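Residue numbers (our numbering), protein chains in the order written: chain L, 35 to 99; chain V, 76 to 337.
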């Protein structure tokens with residue numbers, strides 16, 4: 035595999051993903067309680083690529099507390 | 076009007092606190108940027124895909140800039156709508172379950188102000204997210220694929236935005252009706268998908284359906300001759316948005332006065 039990758043092109047995409055991940059992790063850190071254990075959500079957010087943070091924001095947050 | 080401003084600010088604050096102002100636009104931006112980049116790299120990705128028999132030659136016509144943008148709109152129409160619905164499904168039912176709604180309506184509060192403020196805040200978030208994603212898509216398309224005509228881009232964007240407004244109006248109506256947010260999300264998605272499917276299947280008879288808005292937007296971008304006349308679609312969409320919001324207010328009013336009496 036030696037696809038010539040133009041990093042200038044992909045950098046913004048990676049940056050957006052990073053922002054999403056950091057936001058989700060901050061929110062997770064500040065939350066008192068989540069649905070399910072917190073370490074599980076850390077794994078989902080970090081390894082879930084784009085979907086991870088989305089799933090966390092939709093399902094994981096316990097807004098009522 | 077004062078109440079409207081108050082509720083609007085409250086909704087905005089709540090959306091900021093739940094990080095919606097960050098993650099929804101970011102997801103749209105990602106969606107918008109991905110499509111042109113994937114299209115640009117597609118020949119290379121196919122070349123390196125392993126399970127192709129030797130000597131396979133795939134020739135693809137390079138899509139025009141308008142076509143790429145239309146594909147991006149397609150992405151917004153599936154994943155984008157899903158994200159919007161999921162992020163705002165609890166807008167009424169969440170407050171109802173936590174008891175905030177009955178607390179608010181012990182005061183003489185206008186139902187119209189309450190519901191329209193919710194609708195306006197949903198509209199603001201949707202518009203911001205869509206603008207982010209669309210701008211990102213346009214930028215990358217221009218950089219990688221080719222130039223775009225500003226007029227058609229704006230025209231198509233406005234058409235598509237109206238489709239999103241229709242979606243969130245339906246979402247507001249259904250969330251005023253159903254008690255739990257998962258049900259709201261499911262019903263809204265089912266309705267939107269059925270409407271889209273039905274419209275594309277029976278396009279001859281349903282040429283006025285609001286779901287035609289997304290098709291029209293793509294057709295503007297790809298410069299295809301439109302099947303439907305734009306006028307009726309616009310009018311029917313605007314009317315159904317109005318009806319949705321009015322019905323939502325009405326439903327809220329009747330339900331809350333029942334629960335107040337009980």
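Using N, Cα and C, we set each Cβ at its ideal position, and we do this for glycine too. This structure is a prediction, so every number in the text was calculated from the model and none was measured.
- For residue 51 of chain L, the chain V residues whose C-beta falls within less than 9 Å of its own C-beta are 101, 105, listed in chain order.
- Collapsing the DSSP output to three states places residue 171 of chain V in a helix.
- At least one CB of chain L lies nearer than 8 Å to the CB of residue 161 of chain V.
- In the assembly as shown, residue 81 of chain L is an exposed residue. Its beta-carbon has fewer than 16 other beta-carbons within 10 Å.
- Around residue 331 of chain V, the same chain offers 176, 177, 180, 186 as residues with beta carbons nearer than 8 Å, after the five sequence neighbours per side are excluded.
- Within the segment 63-83 of chain L, no residue has a Cβ lying closer than 8 Å to any Cβ of chain V.
- Contact annotation: residue 110 of chain V and residue 143 of chain V have beta-carbon atoms nearer than 8 Å.
- Nearest CB-CB separation between residue 59 of chain L and chain V: not below the 8 Å threshold.
- Proximity of residue 97 of chain V to chain L, defined by a Cβ-Cβ separation below 8 Å, is satisfied.
- Any Cβ of chain V closer than 8 Å to the Cβ of residue 43 of chain L would place that residue at the interface, and such an atom is present.
- DSSP places residue 50 of chain L in the uninterrupted alpha helix (DSSP H) bounded by 41-64.
- Here the C-alpha atom of residue 156 of chain V lies approximately 11 Å from the C-alpha atom of residue 260 of chain V.
- Flagged as an interface residue toward chain V: residue 54 of chain L, by a C-beta distance shorter than 8 Å.
- Straight-line measurement puts the Cα of residue 329 of chain V at about 40 Å from the Cα of residue 106 of chain V.
- Under a 10 Å Cβ-count criterion, residue 218 of chain V is classified as exposed, with fewer than 16 other Cβ atoms of the shown protein chains found around its own Cβ.
- It is roughly 39 Å from the alpha-carbon of residue 86 of chain V to the alpha-carbon of residue 222 of chain V.
- What residue 143 of chain V touches in chain L, judged by beta-carbon distance under 8 Å, is nothing: the nearest beta carbon there is about 15 Å away.
- Taking 8 Å as the threshold, the shortest C-beta distance from residue 94 of chain V to chain L falls below it.
- Per DSSP, residue 284 of chain V lies in no alpha helix (DSSP H) and is assigned neither H nor E.
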